[in-house]
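Before any comments, here is the structure.
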Amino acid sequence: MEDNKYPENYFEHYIVSFSSTGQTPDKTGFENLARLYIDIEGTDAFSELIKEIQLIKENDDWSYFEEIARDFEVKDLSTDKIIEMAEVAITVYMDMI
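Mapped onto this note's numbering, the consecutive letters of the sequence shown carry residue numbers 1433 to 1529.
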């Protein structure tokens, strides 16, 4: 996998943020994470995160991010949970705009 495929590392940062915020790996936890991310990083960064998620979705690169979650020792994030995390972020974004 190319290291520069996602040079801004928004989703990688988002996954690591999940592990440090104590959120639960479910819809509620992912919604809380999205709102917390917006509060801390701002709406522009969240918008960039969503663009990156859409690219990841198009490329079907979920397994790459499961590997990243494992590398960072983020617990409870299987590929299915990473996809759910991304979908919830998109939903929060769509509700925001």
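All residues carry an ideal CB built from backbone N, CA and C; glycine is no exception.
Where residue i falls, given that 16 or more other Cβ within 10 Å makes a residue buried
| i | result |
| --- | --- |
| residue 1528 | exposed |
| residue 1474 | exposed |
| residue 1472 | exposed |
| residue 1481 | buried |
Rounded distance between the beta-carbons of residue j and residue i, thought under 8 angstroms
| i | j | result |
| --- | --- | --- |
| residue 1488 | residue 1497 | 7 angstroms |
| residue 1464 | residue 1455 | 5 angstroms |
| residue 1459 | residue 1520 | 6 angstroms |
(message) Three or more C-beta pairs under 8 angstroms: does that hold for the stretch 1504 to 1524 against the stretch 1440 to 1460?
(response) yes
(request) Would you list, in sequence order, the uninterrupted alpha helix (DSSP H) runs of no fewer than 4 residues that lie entirely inside the stretch 1445 to 1521? (result) 1459 to 1473, 1475 to 1491, 1494 to 1503
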